[in-house]
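Here the sequence shown is numbered in the numbering used here, starting from 461 and rising by one per residue. Ideal placement from N, C-alpha and C gives every residue a C-beta, glycine not left out. Just so we're clear, the structure is a prediction, and the values are computed from it rather than from any experiment. Scroll down for the structure; my scribbles are underneath it.
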Amino acid sequence: MTQRLQLAHAERAMLLILAGVQFCHVLDFMIMMPLGPFLISALSITTHEFALLVASYSFSAAAAGLLIAPIVDRFERKRFLLAIFAAFAIATLLCALSPGFLTLLIARGLAGIFGGMMGALVHTMVADAIPFERRAKATGYVATAFSVSSIAGVPLSLLLADVLGWQAPFVLIALISAGLIWFGHRALPDFRAHLDTRREERAIRQMLRVAVEPNHLRAMLLTCLVILGGFTVIPYITLYTIANVGIASDEIPAIYFLGGAATLVTARLIGALSDRFGKVIVFRIVAIGACVPVLLVTNLAQVSLVIWLAITTLFFILVSGRMVPLLAIVGAAVKPQERGTFLSLNATVQSMAMGLASMIGGVFITQTPDGFISGYGWVGLVAASFNVLAALWVGRVAIRN
Numbered sequence: 461m462t463q464r465l466q467l468a469h470a471e472r473a474m475l476l477i478l479a480g481v482q483f484c485h486v487l488d489f490m491i492m493m494p495l496g497p498f499l500i501s502a503l504s505i506t507t508h509e510f511a512l513l514v515a516s517y518s519f520s521a522a523a524a525g526l527l528i529a530p531i532v533d534r535f536e537r538k539r540f541l542l543a544i545f546a547a548f549a550i551a552t553l554l555c556a557l558s559p560g561f562l563t564l565l566i567a568r569g570l571a572g573i574f575g576g577m578m579g580a581l582v583h584t585m586v587a588d589a590i591p592f593e594r595r596a597k598a599t600g601y602v603a604t605a606f607s608v609s610s611i612a613g614v615p616l617s618l619l620l621a622d623v624l625g626w627q628a629p630f631v632l633i634a635l636i637s638a639g640l641i642w643f644g645h646r647a648l649p650d651f652r653a654h655l656d657t658r659r660e661e662r663a664i665r666q667m668l669r670v671a672v673e674p675n676h677l678r679a680m681l682l683t684c685l686v687i688l689g690g691f692t693v694i695p696y697i698t699l700y701t702i703a704n705v706g707i708a709s710d711e712i713p714a715i716y717f718l719g720g721a722a723t724l725v726t727a728r729l730i731g732a733l734s735d736r737f738g739k740v741i742v743f744r745i746v747a748i749g750a751c752v753p754v755l756l757v758t759n760l761a762q763v764s765l766v767i768w769l770a771i772t773t774l775f776f777i778l779v780s781g782r783m784v785p786l787l788a789i790v791g792a793a794v795k796p797q798e799r800g801t802f803l804s805l806n807a808t809v810q811s812m813a814m815g816l817a818s819m820i821g822g823v824f825i826t827q828t829p830d831g832f833i834s835g836y837g838w839v840g841l842v843a844a845s846f847n848v849l850a851a852l853w854v855g856r857v858a859i860r861n
């Protein structure tokens, strides 16, 4: 009994640290969206240049996934993660030191490289350590990083940006990262099982073999559809909220606080329901359900703050909720000894889809001379269509545990 309790405590500590790593990665990515009005004003950039700032992170993360995929299964995971985390902290600090648009674009690209690697490694470590029958719940625990980022990270970052300037959130993320690196070095266990089971072969050959396996391709396409079903909409919510809905900029943190608070509960609930009733059926229900808030968020205008908060909170719950069963399904679509390589490739697909989605949104969306955002309704229709396609496609991915 004592040994079982010790293992349970060690598992919770591991998940807490991995959630912390994910918190820094998610906050660094998320904060760009609500910082949009600050950056457009301070750097004198257009909505299309802002879309490029957002997309640069994603495209760099995609390139990093291709670089890491051939080698990720050849290193002990803990030390590899902490080294990449340290590089991420430095890149994020460079964002704060950027004097203009071009230097910020380069710094965001560097942060995307290391952030994309971190995201893939976190989910690989969860899949390595947690049995499939409990994996969705564990994934939901790590996914609470999104909720905490929304509840505490984004509102605090916006407050700091309002008082100290847009650079302050990036300094905050770098400081939190430094603390987590120290904590992770002391508390994370070593991950060596994949080293004992992998076969020796050339790295590029291994990556290509993993990449072209039909079930892996189906899983990566599923990931792409899910990302396109949400991220075409997400980068422009703050701009649309202020310009079209008429919500004051100082009320924007309430959107992220309430949405994050709700997902703090619902992410773990969706994980538990996925383990109990089946990950595919729960994914389908949540993905189809997400179409409702996606269409509402992109079409409503001039509504009260209470109504808007109700809609955006539902958006947070369902759009982020799709990721909980998705990650469990995708992580189980590959053999354990190939999981790091595959999830790095999948992270590349995810990042490419994010960058593509934000650029698609930028194509439809324009800001009129009187400040209104036009074309957002078309973006919502595109996103809803991808959610329906994902719900239909998920049954084609075979589970291999």
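Opening and closing residue of the alpha helix (DSSP H) in which residue i lies
i      : result
Ile777 : 765–781
Ile859 : Careful: Ile859 lies outside any alpha helix (DSSP H) and carries neither H nor E.
Val693 : Careful: Val693 lies outside any alpha helix (DSSP H) and carries neither H nor E.
Thr506 : It is not in any alpha helix (DSSP H) - Thr506 carries neither H nor E in the DSSP assignment.
Ile636 : 628–647
Ile745 : 739–759
Ile866 : Residue 866 cannot be examined here, being either before or after the span of the chain that is shown, 461 to 861.
Val614 : 614–624
Ile544 : 537–556
Leu841 : 836–853
Cα-Cα separation, residue i to residue j
i      : j      : result
Arg659 : Leu755 : Here the model assigns Arg659 a pLDDT of 49, short of 50, so the residue's position is not dependable and the matter cannot be decided.
Leu841 : Asn806 : 25 Å
Ala634 : Ala571 : 11 Å
Arg810 : Leu541 : The displayed chain sequence assigns Gln, not Arg, to residue 810. Taking the straight line joining both Cα atoms gives about 19 Å.
Leu787 : Ile745 : 16 Å
Gln466 : Arg646 : Because Gln466 sits at a pLDDT of 47, beneath the cut-off of 50, its placement in the model cannot be relied upon, and the point is left open.
Ile550 : Leu564 : 14 Å
Val790 : Val857 : 8 Å
Ile544 : Met783 : 24 Å
Tyr696 : Val481 : 26 Å
Gly815 : Leu581 : 20 Å
Met461 : Leu724 : With a pLDDT of only 48 at Met461, under 50, the local geometry of the prediction cannot be trusted, and no value is derived from it.
Lys538 : Thr826 : 44 Å
Leu421 : Thr726 : The displayed coordinates of the chain run from 461 to 861. Any statement about residue 421 would go beyond what the structure contains.
heavy atom of the ligand GTP below 7 Å from residue i C-beta
i      : result
Leu526 : In terms of ligand content, the structure shown is empty, and the ligand GTP therefore cannot be addressed.
Same chain, Cβ closer than 6 Å to residue i, five either side skipped, listed in chain order
i      : result
Ala843 : Gly689, Thr692, Val693, Val754
Gly706 : Gln762
Ala567 : Leu554, Cys555, Ser558
His485 : Gly575, Met578, Gly579
Cβ separation of residue i and residue j, assumed to be a contact under 8 Å, to the nearest whole Å
i      : j      : result
Thr772 : Val794 : In fact, because the Cβ distance is near 35 Å, the residues do not count as touching under 8 Å.
Leu526 : Thr808 : 5 Å
Thr584 : Gln666 : So it is not a contact: roughly 15 Å between Cβ atoms.
Val670 : Glu798 : 5 Å
Ser609 : Phe483 : 6 Å
Ala523 : Ile477 : No, Ala523 and Ile477 are not in contact; Cβ-Cβ is about 27 Å, not under 8 Å.
Pro494 : Tyr836 : Their Cβ separation, rounded to whole angstroms, is 17 Å, which puts Pro494 and Tyr836 out of contact at 8 Å.
Thr698 : Gly496 : 5 Å
Own chain residues within Cβ distance below 7 Å of residue i, not counting five before or after
i      : result
Asp488 : Thr552, Ala571, Gly575, Ile633
Trp838 : Phe824
Gly855 : Val740
8 Å Cβ shell around residue i - same chain, five flanking residues per side excluded
i      : result
Trp853 : Arg678, Leu681, Leu682, Leu685
Practice problem: Flag this pair as touching only if the stretch 731–751 and the stretch 631–647 have three or more C-beta atom pairs under 8 Å; answer yes or no. | Solution: Taking a contact to require three or more Cβ pairs closer than 8 Å, the stretch 731–751 and the stretch 631–647 do not qualify as touching.
Practice problem: Please determine if the stretch 708–721 and the stretch 612–623 are in contact, where contact requires at least 3 C-beta pairs separated by less than 8 Å. | Solution: Verdict: yes, contact present.
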